[in-house]
Each structure stands twice: as structure tokens, then as C-alpha cells.
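Asks:
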Amino acid sequence: MRLTQYAQGGGCACKIPAGDLERLLGSSELPLPRDSAAELLVGLESGDDAAVVRTQDGTVIISTADFFTPVVDDPCDWGRIAAANALSDVYAMGGRPLVALNLLCWPPDRLPYELAAEVLRGGAEVAARAGCHLAGGHSVIDAEPKYGLAVTGTADPGRLLRNDAGRPGLPLSLTKPLGLGVLNNRHKRTGEVFPHAVETMTRLNADASRAALAAGIRCATDVTGFGLLGHLHKLARASGVTAVIHASAVPVLDGAARAVREGFVPGGSRHNLDWVAPHLGHGDVPEETLLLLADAQTSGGLLVAGEIPGAPVIGELMEHTGHTVIVHP
-14 MRLTQYAQGG GCACKIPAGD LERLLGSSEL PLPRDSAAEL LVGLESGDDA
36 AVVRTQDGTV IISTADFFTP VVDDPCDWGR IAAANALSDV YAMGGRPLVA
86 LNLLCWPPDR LPYELAAEVL RGGAEVAARA GCHLAGGHSV IDAEPKYGLA
136 VTGTADPGRL LRNDAGRPGL PLSLTKPLGL GVLNNRHKRT GEVFPHAVET
186 MTRLNADASR AALAAGIRCA TDVTGFGLLG HLHKLARASG VTAVIHASAV
236 PVLDGAARAV REGFVPGGSR HNLDWVAPHL GHGDVPEETL LLLADAQTSG
286 GLLVAGEIPG APVIGELMEH TGHTVIVHP
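Everything in the sequence shown is counted per this note's numbering, starting at -14 for the first residue and increasing by one.
#1: Need the endpoints of the alpha helix (DSSP H) that Lys219 sits in, please.
#2: Checking the sheet assignment: what are the DSSP bridge partners for Pro82?
#3: Answer yes or no: do Leu134 and Leu96 have a C-beta to C-beta separation smaller than 8 Å?
#4: Could you check what DSSP says for Cys61 in three-state terms: helix, strand or coil?
#5: To the nearest angstrom, report how far apart Leu146 and Asp94 are at their CA atoms.
#6: Grouping DSSP H, G and I as helix and E and B as strand, with all else coil, what is Gly(-5)?
#7: Taking only the alpha-carbon atoms, compute the straight-line gap between Tyr76 and Ser194 and give it to the nearest angstrom.
#8: Does DSSP classify Lys0 as helix, strand or coil?
#9: When you compare only the Cα positions, how much space is there between Thr40 and Ala23?
#10: Whole angstroms are fine: how far does the CA of Ala68 sit from the CA of Met78?
#11: Flag this pair as touching only if the region 48 to 66 and the region 165 to 184 have three or more C-beta atom pairs under 8 Å; answer yes or no.
#12: Just checking, does the region 157 to 168 make contact with the region 276 to 283 on the three C-beta pairs under 8 Å criterion?
#13: Would you give the residue range spanned by the beta strand (DSSP E) that His305 belongs to?
#14: Return helix, strand or coil for Pro271, following the three-state DSSP convention.
#15: When you compare the CB positions of Asn257 and Gly(-5), do they come within less than 8 Å of one another, or not?
Listed below in C-alpha cells is the structure:
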């Protein structure tokens, strides 16, 4: 059974488009809690990767949730990818995951529970590798299979990684190559398997997060469903700067450029480019390149404002010029 055929979208490409999500959240008036037991340090304001609160005893807690439809056909690999993706939100804030809960939606009339067990096994494998307890969760019957985690972590309040802490003059580094969205879409449509994409998606961002903290970096985000351009736009907007990207310096997975040329661009990647376009300066950079930079990643790398070992520098932050992102060839 090909799991990817049981869902309209796949992975982080099935997210609600960023522009629609911002309008949705902007139209909702959220009440503040009464007699709160914690101070909210990071919430909705900048669209960061996770919520962060500080309790009355000074403990800083990170909370996030992420789940999606199948991105690959192998159920264990899907579980591994979804778990790594959810844990990434904690790493992107400079935290360490402590405990996670499974989030499972399953169509038992279409797919046997034995496949669901393999998905859960994959998630548990990655959580164990991260040193994160996996303690139960929640499951519902659904027309489409979906899986992910709700994750709780902790962090040092003085060493948080935030998307609003960028400053002019800082270099930009990226810890994983782009192209996961187009390769996953090719897999969904043709059945071709891309082991190097699976390896990239299942690799934890733990080492990159620790390296960023060790280097004194304070600004970062992970690159997932809104693509490099989308997440960079959010970072630059929140920080009040302009981000400059050198397209030739951005690492790309083998086969991804070909997949773009042959039309395997997911709808989510096109939505990302449309959303960022009014804020983007790109001169004569080809659309194929822009689509790769906007490609909806699943369990992508960290984008950090600084330099860390092994991560290529792909651009820099500068004083705000009117655009949030500028792309050079």
C-alpha cells in the first residue's frame, strides 16, 4: 500500500498557506489567562517556532505540536520524519525536548492498524534517539492518515534562539539542503524513492542547535512548510532587517533542480512564493531558482543568524531597505 496516495497533500506542504494563516490568526481575539502560573516569553507575535513560558520558579518551558499527512510510503520512515520534524521546533528555540505525545489520525476502513503501529514505532525510535520520553498521546478516526507529536522541552532563558533577534551584519547559515518538497512530491506521483531525502528529513537538528548556542547565536528558525524564503521573510520582518540570499551558495539536494524543471513542484511551494513575492527583491533570478528557495520543506534544517561548523553561509542580514528578502544569483 502506498501511504502517500491516501492524502491530498504530503508533509509540511499540506499546511494552510502562510498568508491565509496570518489572516486567520489576525481575525481572532485571544483572551489572556487569569491568574497565570507562567509568563509568556514567546507567543504569536512573531510567528516563532514554538511557545515559550517561564514559570514562577524560573523554569523555562517550550511547547509545540506538529503533525501531517504521509510524506513517504514507508510507514516507519514517515513516523521517523514526523517525529524529527516536531522535535525540530524545540531545537529551533535553543531548547531540549523532554517529553512528547503521539498525535495520530487513522482511517481503519482503508488502512490496517498494523501500518499505524509501524508509524508509531518510527516516531518512538526518533524520540528515543533524541533522549525524549514518548508518553502516550491521542488518536482519532479520520479519512486521511496523519501523524506527529506534541512536544514539551526546556531551555535557558538567557540563551533562547528567537526569530526576532536578527541584527544587521550577521551572516546567515543553513544546516540542511533544500529540495525536500519537490522530491517528496515526485515520490508521491511516481513512486520513486529518494534515500538521501529520507536521511535528511530524519536527521535531528539537535547538534545544529547546540552548535548555535555554543557560538553565542541568538537568532534562528527552522525551515519547514513555508520554505526558506517564507521563514526568512518572517525572521527579517520580526527583526526589522533585510535578509540577502546568494542563491548559488544555498545547498540543494541531488535531483531537486531536475524535479522542479520537470514540474514536480507542490502547491505549497507555489503558495509560499506568492506570499513572499510582494516583499521580495530578486532581479533576474529565474523562477525555477525562486521555487526551490520557496520549496515547502519537511523536517528541514536550521537557519541561523551566525556561523556554525559545517553549515554553509548563504547570505547576511542588513539594515532594512524596503524588502524583507533580497535574492542574488
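In this text, a Cβ means the ideal position worked out from N, Cα and C, and glycines have one as well.
Remember, predicted model here, so these are calculated numbers, not experimental data.
Replies: In short, the structure shows the following:
#1: Gly212 to Ser224
#2: Gly138
#3: Cβ distance not < 8 Å, so Leu134 and Leu96 don't count as in contact.
#4: If DSSP states are grouped into helix, strand and coil, Cys61 belongs with the helices.
#5: 43 Å
#6: coil
#7: Approximately 5 Å between the Cα atoms of the pair.
#8: coil
#9: In a straight line, the C-alpha of Thr40 is about 4 Å away from that of Ala23.
#10: 17 Å
#11: yes
#12: A contact exists between the region 157 to 168 and the region 276 to 283.
#13: Boundaries for His305: no beta strand (DSSP E) harbours it, and the DSSP string shows neither H nor E there.
#14: coil
#15: no
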